[in-house]
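These notes concern the structure reproduced below.
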Amino acid sequence: MSQRSILITGCSVGGIGHAFVKEFQSRGFQVFATARRLESMSELEGVKGVTLLRLDVTDIDSIRTARNKVSSLSGGKLDILINNA
Numbered sequence: 284m285s286q287r288s289i290l291i292t293g294c295s296v297g298g299i300g301h302a303f304v305k306e307f308q309s310r311g312f313q314v315f316a317t318a319r320r321l322e323s324m325s326e327l328e329g330v331k332g333v334t335l336l337r338l339d340v341t342d343i344d345s346i347r348t349a350r351n352k353v354s355s356l357s358g359g360k361l362d363i364l365i366n367n368a
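Per our numbering, the sequence shown runs over residues 284 to 368.
Rendered as structure tokens:
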């Protein structure tokens, strides 16, 4: 069985999105954690199974860039999406 993947928006430290990242990572998911500013997720940098992406959900170019990166890294498959932003 292939590794399941999840994209979570709004993953700044101290919020519910950040807690979701930790939980799904601990369950073996490939986690795509997003926030408007990468610095706001610095605590997650280097965590195995977590990819940090800049994403502003109000900016279509940012959405497209994140979509393309996730598609490339996940083989075009995303199992779960949590919109927390």
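The beta carbon of each residue, even a glycine, is placed where N, CA and C say it ideally should be.
Keep in mind the model is a prediction, meaning the values are calculated, not measured.
Rounded to the nearest angstrom, what separates Lys352 and Leu335 at their Cα positions?
Locating residue 352 in the sequence shown gives position 69, counting from the first residue. Locating residue 335 in the sequence shown gives position 52, counting from the first residue. Computed Cα separation, rounded: 11 Å.
Alpha carbon to alpha carbon, how far is Ser354 from Leu361?
Within the sequence shown, numbered from 1, the residue matching residue 354 stands at position 71. Within the sequence shown, numbered from 1, the residue matching residue 361 stands at position 78. Approximately 8 Å between the Cα atoms of the pair.
I'd like to check one pair, Val304 with Ala316: are the Cβ atoms closer than 8 Å?
Translated into the one-based positions of the sequence shown, residue 316 becomes position 33. Translated into the one-based positions of the sequence shown, residue 304 becomes position 21. Against a cut-off of 8 Å, the Cβ pair of Val304 and Ala316 comes out as a contact.
Helix or strand or just coil, what does DSSP make of Thr317?
Stepping through the sequence shown from its first residue, residue 317 is reached at position 34. The answer is strand: DSSP assigns Thr317 an E or B state.
Status (buried if at least 16 other CB within 10 Å, exposed otherwise) for Ile356
Here residue 356 is taken as the residue at index 73 of the sequence shown, counted from 1. Residue identity check: residue 356 is Leu in the sequence provided, not Ile. Around the C-beta of Leu356, fewer than 16 other C-beta atoms lie within 10 Å, and the residue is accordingly described as exposed.
Taking the alpha helix (DSSP H) that Val383 falls in, what are its first and last residues?
The structure shown does not extend to residue 383, since the chain is modelled only from 284 through 368, so no value can be given for it.
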